[in-house]
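Quick notes on the structure that follows.
In the numbering used here, the protein residues as written are 1 to 91.
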């Protein structure tokens, strides 16, 4: 249960991404056709992903770093939006 509160589960589907937030009821669906921008910010254990959609608005979620290459490939091949990858910052 604790991990679910910290990390959201994400599934890549044929027409879009379904994000199941930990602290909000119900899934959020983001269609690939509606994504206008995206950023991926690498952190120590996970990557924070922010997608801006014309219908759902901004959606932010985290995934583990080992899952990022496959999600990035899906996003780049399925949408025409610009997807930016930010390297981790050092303090």
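Glycine included, C-beta positions come from ideal geometry on N, C-alpha and C.
As the structure is a computational prediction, the values presented were derived from the model and not from experiment.
Asked, Found
"Quick one, which of 56, 49 and 66 has its alpha-carbon nearest residue 29's?", "56"
"Drop a sphere of 10 angstroms on the beta-carbon of residue 53, count the other beta-carbons inside from all chains shown, and report buried for 16 or more, exposed for fewer.", "buried"
"Tell me, please, which residues DSSP counts as bridged to residue 37.", "52 and 82"
"CA-CA distance, residue 81 and residue 51?", "10 Å"
"Using only the alpha-carbon positions, how far apart do residue 86 and residue 38 sit?", "11 Å"
"Can you give the Cα-Cα distance for residue 75 and residue 26, rounded to whole angstroms?", "23 Å"
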